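The numbering of the sequence shown is full-length UniProt numbering, which starts it at 1 and goes up by one. All C-beta atoms, glycine included, are put in the ideal place defined by N, C-alpha and C. Here the structure is a predicted model, which means the values were calculated and not measured.
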Amino acid sequence: MFDIGWSELLVIGVVALVVVGPKDLPEMFRTLGRVTAKARNMAREFQRAMEAAADETGVKDVVKDVKNVTSPRSMGLDAMKQAADRFEKWDPMKPQQGAPKPAAPASSIPAAKAQQGAGAAAVTAPPASEPAAPVPQAPAAAAPEAASPAPAEPKSNA
1 MFDIGWSELL
11 VIGVVALVVV
21 GPKDLPEMFR
31 TLGRVTAKAR
41 NMAREFQRAM
51 EAAADETGVK
61 DVVKDVKNVT
71 SPRSMGLDAM
81 KQAADRFEKW
91 DPMKPQQGAP
101 KPAAPASSIP
111 AAKAQQGAGA
121 AAVTAPPASE
131 PAAPVPQAPA
141 AAAPEAASPA
151 PAEPKSNA
């Protein structure tokens, strides 16, 4: 604290011995020790009181937050750890969590629920909105006309 070496301490002791005398010197050092101990105790008590006041007001939390925000090293390491964790947990076979799912038609949702409720095991029917194959529509009354040949179109000479 005072940065006093052994040679300086020896000089102070010799001067004290000459000035105070050998008879009163031990009493003076005892008194000096007591005063030093009281000063240290007062300093410790003051420091504890200041730390308690800082704890009550939340200064330590603010200081901790400021250190975390202003430390680019910790911010960089945190981002690196998060990226490494995401890479380790990444499974290319699973769809991404943030990817939009294709929207199902409204008419296919009730059909799927009906199939689940009926216990359809192996064969599943296509949704009602999408036919499996195009169905040819033959008119019932036009059957006799289909037997007669269609008239040929006249060729025009251009």
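Cβ neighbours of residue i in the same chain (closer than 7 Å, five flanking residues each side left out)
{"i": "Leu25", "result": "Ala16, Leu17"}
Anticipated Cβ contact below 8 Å, residue i with residue j, distance rounded
{"i": "Ala54", "j": "Lys60", "result": "6 Å"}
{"i": "Val20", "j": "Met28", "result": "6 Å"}
Whole-angstrom distance between residue j and residue i, CA atom to CA atom
{"i": "Arg48", "j": "Phe87", "result": "47 Å"}
{"i": "Phe2", "j": "Glu45", "result": "21 Å"}
{"i": "Ser71", "j": "Thr31", "result": "49 Å"}
{"i": "Ile4", "j": "Met50", "result": "29 Å"}
{"i": "Gly76", "j": "Val62", "result": "21 Å"}
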